[in-house]
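To start, the structure under review is shown below, and the notes come after it.
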Amino acid sequence: MRAFTQHQGVVAPMDRSNVDTDMIIPKQFLKSIKRTGFGPNLFDELRYMDEGKPDQDCSTRPINPDFVLNQDRYKDASVLLARRNFGCGSSREHAPWALEDFGFRAIIAPSFADIFYNNCFKNGLLPIVLPEEVVDQLFREVEQSEGYQLAVDLEARTVTTPAGETFTFEVDDFRRHCLLNGLDDIGVTLEDAELIRSYEESRRKTAPWLFGAGR
Amino acid sequence: MAGKTLYDKLWDDHLVKQRDDGSALIYIDRHLLHEVTSPQAFEGLRLAERRPWRIDANIATPDHNVPTTDRARGVEGIVDPVSRIQVETLDKNCDEFGILEFKIKDQRQGIVHVIGPEQGATLPGMSIVCGDSHTSTHGAFGCLAHGIGTSEVEHVLATQCLVQQKMKNMLVKVNGKLGPGVTGKDVVLAIISKIGTAGGTGHAIEFGGEAIRGLSMEARMTICNMSIEAGARVGMVAVDDTTIDYVRGRPFAPKGEQWDAAVEYWRSLHSDDDAVFDKVVELEGADIQPQVSWGTSPEMVVGIEGNVPDPDQESDPIKREGIVRALKYMGLQPNTAITDIKLDRVFIGSCTNSRIEDLREAAAVVKGRKVSPILKQAMVVPGSGLVKVQAEQEGLDKIFIEAGLEWRDPGCSMCLAMNADKLGQGEHCASTSNRNFEGRQGFGGRTHLVSPAMAAAAAVTGHFVDVRQLLN
């Protein structure tokens, strides 16, 4: 996994609450058996005027000029500013894959859905929770200033505005540690293989019915 | 010291290691797999030269992409080549690693959240995960069950564990009794409408109270299934006689002495009387009407006697904007009576409502009636091959077919339209599924979430109607 330490980039405002993962990446693109290539279909139904199909050349499709990511000033955005409950619904990891493939490195919102929040960390994408009034302020600043950028520092747990205003955010230590170092968390877990085996052995004695079913 | 909640007990029983940084290693008893969220996990396993930790913990089935007609040809019969490759990939992965899979032509194939309980592969007290947010369904058995992403599917395959942070405890209590014609689906829609789609975020919800205790396992599964629509990954119901009676005799359920030992343990799977919850919400069962969603989020729901809301009456600007956007997408005017919404299609199925009891409830309404000629289509998609067989033994298929509904083969179908079953642009659908998101059931499609009985009532009238009037 790609590590995340610091990042500064153009901010795109996604001004709607309850953005669900069906919206982030519609179902027809979930048929892929790969982890990559979802970027052109990120927000497909909002971004294009037609119905998208898998493996299609998106460069010739009719685009929705009103959609935020189709506006020139946000085309190179790498920080997404969003509203409440971002990423709700389906557990599809294709959602963070699509956001990452498009070029996003961080998402700022007042709240995230649990599964999406967790999936982001597995893909070098940092979800940042900031208070609603701060998010409101950032929305106003983004709209007022073209090329508006934010600087994110995961080590320091801060977001800094162009004016130098700094906001701190919470992130739990394990997720932060893995993301800072780009760690494969399966490898970390397997360091405890002996503990897992001894747990299993004791469960085999106390609850033997839990074993042997799937074969 | 305060007693433990059901979630506390399940957590403690699966704790392999508590780390100093607040994270914990949690052991996973059962891992369910389907074709959409597993291929990249198996690929990751191969790239890292790892093997599955415990083969017998895994059970797989294809469900999202499978067609619901012409199933005799099996995988070869999947017309869409991209869908076919995904199902073939699951078959190949399961064959290579020796994972038990109910393949497309197996009678036990079905929606992953229907077949787990049906097979007794879902047992009380288990920790159960699947790369699918509706894994919360299994919490109806007093399980710690939740959806995970594909990276975590790989993590569970490789280690039989997940790295977790403990959630908070939330109790949703439904007091008293439900009125006639009011089902588990109406209860959970009423709960979501009350607490909102983020009301349970960060929490494990336990559903309790007299109304929940009085429900069948099917209805409890419907409620737990949609706890994710209230933001909670985990939804649970305490174990009681209803749970144990349902599990008894199922193929993978314990037998003999092991059964007795298991039941003794399962009886402890409830919150202690003095357990403390971080959040408690109460509803009165008698107040719950049959529910219909009008918008594009599962919290946008009203009772059948209600109207589509007026955004001008909403004081929160973000919610107001949400209502305006939803009404535009749904093609609805503020203050329209729910019973005036015209429908194009009816879908009875999905992991929320495709079990035998759901089909019985729908059949009871359509029996002796005909599908409205206004509709383009009304379809019934049983949750598994075995549900289909049982329904046919009970003659439900004949009732549906005589009324003019289509009787299909099992799969996720029009709940998310990954196969050929989908809505056309602008079409309104009365659907027993779980999500009314934009485009969920097809590009530009308009979903209204209802119970099977309400969907059946809509099928025979062509618009929403209070099913209680048809049952009298």
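The listed protein sequences derive, respectively, from chains A and B. The first sequence runs 0 to 214 under numbering that gives the first Met the number 0. The second sequence runs 0 to 471 under numbering that gives the first Met the number 0. Virtual Cβ for every residue (Gly too), placed ideally from N, Cα, C.
Assigned exposure category for residue i - 16 Cβ within 10 Å defines buried
i       : result
E164(A) : exposed
L46(B)  : exposed
A2(A)   : exposed
E228(B) : buried
P80(B)  : exposed
G21(B)  : exposed
I0(B)   : As written in the sequence, residue 0(B) is Met, which differs from the Ile given in the question. By the neighbour-count rule (16 or more Cβ atoms within 10 Å), M0(B) is not buried but exposed.
A237(B) : buried
V233(B) : buried
V301(B) : buried
G394(B) : exposed
P38(B)  : buried
T431(B) : buried
K184(B) : buried
G186(A) : exposed
Neighbourhood of residue i by C-beta distance below 8 Å, restricted to the same chain and skipping five residues each side
i       : result
M48(A)  : R60, P61, I62 and N63
S77(A)  : H6, G8, V9, G102, F103, R104 and A105
D272(B) : G2
G36(A)  : D100
K16(B)  : A23 and L24
Q118(B) : I58, R107, R249, P250 and F251
R156(A) : T167, F168, E169, V170 and R175
Alpha-carbon to alpha-carbon, residue j and residue i
i       : j       : result
G213(B) : D11(B)  : 28 Å
V466(B) : D244(B) : 30 Å
E281(B) : G199(B) : 14 Å
T136(B) : V246(B) : 15 Å
I322(B) : P308(B) : 8 Å
P451(B) : T460(B) : 14 Å
L182(B) : F101(B) : The question names Leu, yet the displayed sequence has Thr at residue 182(B). Cα to Cα, the separation comes out at about 30 Å.
L178(A) : C160(B) : 20 Å
V133(A) : D311(B) : 26 Å
Q424(B) : R445(B) : 8 Å
K254(B) : R15(A)  : 53 Å
E42(B)  : Q55(A)  : 24 Å
D90(B)  : H133(B) : 22 Å
G230(B) : G201(B) : 8 Å
M417(B) : K8(B)   : 38 Å
I194(B) : P130(A) : 20 Å
D94(B)  : I54(B)  : 11 Å
A108(A) : L5(B)   : 32 Å
I340(B) : H462(B) : 6 Å
6 Å CB neighbourhood of residue i in its chain, flanking five on each side removed
i       : result
I400(B) : W406
N122(A) : P95 and E99
V158(A) : L149, V151 and F166
Y328(B) : T295 and E437
K366(B) : I398
K318(B) : none
R70(B)  : D408
A218(B) : G183
Expected contact under 8 Å - CB spacing of residue i and residue j to nearest Å
i       : j       : result
V370(B) : G403(B) : 4 Å
G175(B) : E205(B) : That belief does not hold up - the Cβ atoms of G175(B) and E205(B) are roughly 18 Å apart, past 8 Å.
A455(B) : I373(B) : Not quite, the Cβ-Cβ distance comes to about 15 Å (not below 8 Å), so this is no contact.
T149(B) : R29(B)  : Actually they are not in contact, since the Cβ atoms of T149(B) and R29(B) sit about 18 Å apart, beyond 8 Å.
I303(B) : I337(B) : 6 Å
L31(B)  : G97(B)  : Contact flag wrong, Cβ pair sits at about 16 Å.
Q70(A)  : K52(A)  : Rounded, the Cβ-Cβ distance is 25 Å, inconsistent with contact.
T196(B) : P123(B) : About 28 Å separates the two Cβ atoms, so there is no contact after all.
H33(B)  : D184(A) : Rounded, the Cβ-Cβ distance is 23 Å, inconsistent with contact.
R83(A)  : S110(A) : 5 Å
Sequence-distant residues of the same chain with beta carbon closer than 7 Å to residue i, five excluded per side
i       : result
V113(B) : C350, S353, R354, G382, S383 and V386
T335(B) : N306 and V307
E313(B) : R319 and I322
Beta-ladder partner(s) of residue i, from DSSP
i       : result
W406(B) : V379(B)
H145(B) : V128(B)
E346(B) : Note that residue 346(B) corresponds to Phe in the displayed sequence, not to Glu. Answer by DSSP bridge pairing, in chain order: M378(B) and S430(B).
I107(A) : L80(A) and I127(A)
C160(B) : Y26(B)
D90(B)  : In the DSSP output, where bridge partners are listed per residue, D90(B) has none listed.
P12(A)  : L80(A)
Q136(A) : The partner list for Q136(A) (beta bridge, DSSP) is empty, contrary to what the question assumes.
T446(B) : C428(B)
G498(B) : The structure shown does not extend to residue 498(B), since chain B spans only 0 to 471, so no value can be given for it.
Proximity test, residue i beta-carbon vs the ligand GTP heavy atom, cut-off 8 Å
i      : result
N57(B) : This structure simply doesn't include the ligand GTP, nor any ligand for that matter.
Chain E contact for residue i (CB, 9 Å cutoff)
i      : result
P61(A) : In summary, chain E is missing from the structure at hand, where the protein chains are A and B.
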